[in-house]
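In what follows, a structure is listed as structure tokens, so that the remarks can point back to it.
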Amino acid sequence: LEDHTSAEEKLSLIEELRNKWTPYPGAKVEVKNFEQGPPINAPVEVRLFGDNLDTLRSLAGRVETLLQQTKGTIYISNPVVHLKSDIKVDIQKEKAQMLGIPTVTIDRTVRLAVAGLNVGKFSDVNGDDVNILLTKANQGTPSLESLQNLYVNNQQGRAIPLSQVAQLKLESSPLNINHFDKIRMVAVTAYVEKGALVSNVVTDVIKQMDALDLPEGYSYGMGGEVESRQESFGGFESVIIVTVFLFIAVLILEFRTFKSTLIVLSVIPLGVVGAVLALFITGNSLSFVAIIGLIALAGIEVKNTILLVDFTNQLREQGHSLEEAIREAGEVRFLPIILTSMTAIGGLLPIAWSSNPLISPLAIVLIGGLISSTLLSRVVTPVVYKLIPPRVDTKKN
């Protein structure tokens, strides 16, 4: 879809295609939106850990049913719900040893009949090397018939039927066996349907998994969005602490009073209100990119408030009373602050409108926060300044 297509139009088209293609029995058709960002198997992923594959398969079936009953999940995938059939050549080692047939000879004979043995190479007229493959004559793809009427030679050169020293058995096994930290793992995944928040679905799944009685030696863990969020926010708390510390340090150096710093910082919650509302209205979650937007929003809010508080302090230093300084600063600085915010919002609108999941939440957070902080701070900041007026040195004429 083109970039100018709105997010709502994309979601509507995806939902239309899902309704059109999913009713076909015996076919698995999935319609998904292309997502940018860290690669994940699916938004919801439940990982089961344990040793026994049969037990893991049984638990995976229970988790699959659990996800199907969870509101908001679609496209549930259980990798061990289907098993593959293998042909096992069960060698009777004691009998083969009595007849003087090495096990490796039996293995080589079976391999020759099914896949063939590479016995050498020759060069064609173009000088290219071609492998010489020795195998049994098969009509098309080798089948069970390829293993019939096979003979193996013992150490004395006598041909003995393969059926005398080995039995062919069919057995089922998983399509693949995955490990996580050297522990066997089965991951059951699910996507989230239109209108449902991933965080709510994940919370519901975790609550149900905690109530699930797992056998001793078996456990579960969450992948998908949960793992991606943990990796993205790993060490992010330290970044936030350092950022807040630098904010406060710069403001104290600027104003040299703690009260002025508090007045400036009081505008930050006002922007958070608008940012959260903007995310809710647009249907976005508080993702890693949105958190980055909140940090950037705090810097922009503080910049605008510094203009107001600093000018108010200057007016008081010139001899104006507290109320006169607050009123005049609000009147004089109102238009520059409004124009600054409108300019920033205008520059962010194309990014927010692009509906790019990697960067649009950042722009949405900034736009919503700028609108709320610009409007609310015109009322809140003068009130806070009046309640805790900072000390200033008035100039004597």
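In this text, residue positions in the sequence shown follow our numbering: the first is 2, and each later residue adds one.
Every residue, glycine too, gets a C-beta built ideally from N, C-alpha and C.
Quick one: Cα of residue 67 to Cα of residue 31, how far? The residue you call residue 67 lines up with position 66 of the sequence shown. The residue you call residue 31 lines up with position 30 of the sequence shown. Cα-Cα distance, rounded: 20 Å.
By the three-class DSSP mapping on this structure, what secondary structure does residue 175 have? Reading the sequence shown from its first residue, position 174 is the one you call residue 175. It is a strand residue.
Contact check, residue 352 vs residue 364, beta carbons under 8 Å: Residue mapping note: residue 352 aligns to position 351 of the sequence shown, counting from 1. Residue mapping note: residue 364 aligns to position 363 of the sequence shown, counting from 1. It is a contact, given that the beta carbons lie within the stated cut-off.
Using DSSP bridges, identify the partner residues of residue 186. Taking the first residue of the sequence shown as position 1, residue 186 is located at position 185. Answer is 50, 179, bridged to residue 186.
If you reduce the DSSP assignment to three classes, tell me which class residue 276 lands in. Residue mapping note: residue 276 aligns to position 275 of the sequence shown, counting from 1. In this structure, residue 276 counts as helix in the three-state DSSP scheme.
Selected residue, minimal CA-CA separation from residue 152, among 108, 187, 336: Mapped onto the sequence shown, residue 152 falls at position 151. Among 108, 187, 336, the Cα nearest to that of residue 152 belongs to 108.
Secondary structure of residue 74, DSSP reduced to three states: Your numbering for residue 74 matches position 73 in the sequence shown. In the three-state reduction of the DSSP assignment, residue 74 falls in the strand class, which pools E and B.
Does the distance from the C-beta atom of residue 197 to that of residue 43 stay below 8 Å? Numbered from its first residue, the sequence shown carries residue 197 at position 196. Numbered from its first residue, the sequence shown carries residue 43 at position 42. No, they are not a contact pair.
Restricting to Cα atoms, I'd like to know which of 33, 84, 126 is closest to residue 77. Numbered from 1 along the sequence shown, position 76 holds the residue referred to as residue 77. Out of 33, 84, 126, 33 has the C-alpha closest to the C-alpha of residue 77.
Spatial neighbours of residue 125 within its chain, please: C-beta separation below 8 Å, excluding the five flanking residues on both sides. Stepping through the sequence shown from its first residue, residue 125 is reached at position 124. So the qualifying residues of the chain are 131.
Evaluate contact between the region 326-337 and the region 302-309, counting only Cβ atoms and requiring at least three cross-stretch pairs below 8 Å. Short answer: they touch.
Would you list, in sequence order, the uninterrupted alpha helix (DSSP H) runs of no fewer than 4 residues that lie entirely inside the region 302-379? 323-354
Around the C-beta of residue 338, are 16 or more other C-beta atoms found within 10 angstroms, so that it is buried, or is it exposed? The residue you call residue 338 lines up with position 337 of the sequence shown. Flag for residue 338 reads buried.
Could you compute how far the alpha carbon of residue 266 sits from the alpha carbon of residue 344? Reading the sequence shown from its first residue, position 265 is the one you call residue 266. Reading the sequence shown from its first residue, position 343 is the one you call residue 344. C-alpha separation (whole angstroms): 22 Å.
With distances taken from CA atoms, which of 222, 391, 201 is nearest residue 210? By one-based count along the sequence shown, residue 210 stands at place 209. Among 222, 391, 201, the Cα nearest to that of residue 210 is on 222.
Per-residue burial, residue 26 [other beta carbons within 10 Å of its own, 16 or more giving buried]: Counted from its first residue, the sequence shown places residue 26 at position 25. When all chains shown are included, residue 26 counts as exposed.
Could you round the C-beta distance between residue 176 and residue 85 to whole angstroms and report it? I think they count as a contact, below 8 Å. By one-based count along the sequence shown, residue 176 stands at place 175. By one-based count along the sequence shown, residue 85 stands at place 84. About 5 Å separates the two Cβ atoms, so the contact holds.
Should residue 296 and residue 244 be called a contact, given that it needs their Cβ atoms to be closer than 8 Å? Within the sequence shown, numbered from 1, the residue matching residue 296 stands at position 295. Within the sequence shown, numbered from 1, the residue matching residue 244 stands at position 243. In this structure, residue 244 lies closer than 8 Å to residue 296 by Cβ.
Enumerate, from N- to C-terminal direction, the unbroken beta strand (DSSP E) stretches of 3 or more residues contained entirely within the region 200-271. Correct list: 220-223.
Select from 355, 55, 278 the residue whose C-alpha is nearest the C-alpha of residue 83. The count along the sequence shown starts at 1 and reaches residue 83 at position 82. Per the Cα distances, 55.
Using alpha carbons as the reference points, say which of 93, 370, 61, 286 lies closest to residue 170. Here residue 170 refers to the residue found at position 169 when the sequence shown is read from its first residue. Taking only the C-alpha atoms, the option nearest residue 170 is 93.
Using the three-state DSSP reduction, which class does residue 84 fall into: helix, strand or coil? Counting from 1 along the sequence shown, the entry for residue 84 is found at position 83. Strand, per DSSP.
Report yes if the CB atom of residue 202 is closer than 8 Å to the CB atom of residue 45, and no otherwise. As a working mapping, residue 202 is identified with position 201 in the sequence shown. As a working mapping, residue 45 is identified with position 44 in the sequence shown. In this structure, residue 45 lies closer than 8 Å to residue 202 by Cβ.
Based on Cα-Cα distance, which residue from 165, 60, 110 lies nearest to residue 135? Working through the sequence shown from its first residue, we reach residue 135 at position 134. Ranked by Cα distance from residue 135, the options 165, 60, 110 are led by 110.
Extent of the continuous beta strand (DSSP E) to which residue 94 belongs: For this step, residue 94 is matched to residue 93 along the sequence shown. Premise fails: residue 94 lies in the alpha helix (DSSP H), 94-99, not in any beta strand (DSSP E).
Cα-Cα separation between residue 4 and residue 15, rounded to whole angstroms: Locating residue 4 in the sequence shown gives position 3, where the first residue counts as 1. Locating residue 15 in the sequence shown gives position 14, where the first residue counts as 1. With a pLDDT of only 46 at residue 4, under the threshold of 50, the placement of this residue in the model should not be trusted, and no figure is reported.
Near residue 323, which residues of its chain fall below 6 Å by C-beta distance, leaving aside the five closest residues on each side in sequence? Mapped onto the sequence shown, residue 323 falls at position 322. 390, listed in sequence order.
Report the three-state DSSP secondary structure of residue 62 (helix, strand or coil). By one-based count along the sequence shown, residue 62 stands at place 61. The answer is helix: DSSP assigns residue 62 an H, G or I state.
Buried/exposed call for residue 193, threshold 16 Cβ in 10 Å: Here the question's residue 193 lines up with position 192 in the sequence shown. Its Cβ being crowded by 16 or more others within 10 Å, residue 193 is buried.
Spatial distance of residue 374 from residue 314 (CA atoms): Within the sequence shown, the letter at position 373 stands for residue 374. Within the sequence shown, the letter at position 313 stands for residue 314. Between the alpha carbons of residue 374 and residue 314 lies a gap of roughly 21 Å.
Opening and closing residue of the alpha helix (DSSP H) in which residue 102 lies: Walking along the sequence shown from the start, residue 102 turns up at place 101. Neither: residue 102 is in no alpha helix (DSSP H) and is coded neither H nor E.
What first and last residue would you give for the beta strand (DSSP E) that runs through residue 130? Numbered from its first residue, the sequence shown carries residue 130 at position 129. Its beta strand (DSSP E) spans residues 130-135.
What three-state label does DSSP hand residue 3 in the structure shown? In the sequence shown, residue 3 corresponds to position 2, counting from 1. Confidence at residue 3 is low in this model, with a pLDDT of 44, below 50, so the placement of that residue should be treated as unreliable; the coordinate-derived value is given next. Here residue 3 sits in coil by DSSP.
For residue 361, count neighbouring Cβ atoms within 10 angstroms of its own Cβ and tell me buried if that reaches 16, exposed if not. As a working note, residue 361 is residue 360 in the sequence shown. Burial call: buried.
Looking only at its chain, what residues have a beta carbon closer than 7 Å to the beta carbon of residue 61, apart from the 5 residues adjacent to it on each side? Looking up residue 61 in the sequence shown gives position 60. For residue 61, where only same-chain residues beyond five positions count, the Cβ hits under 7 Å are 49, 79, 81, 187, 189.
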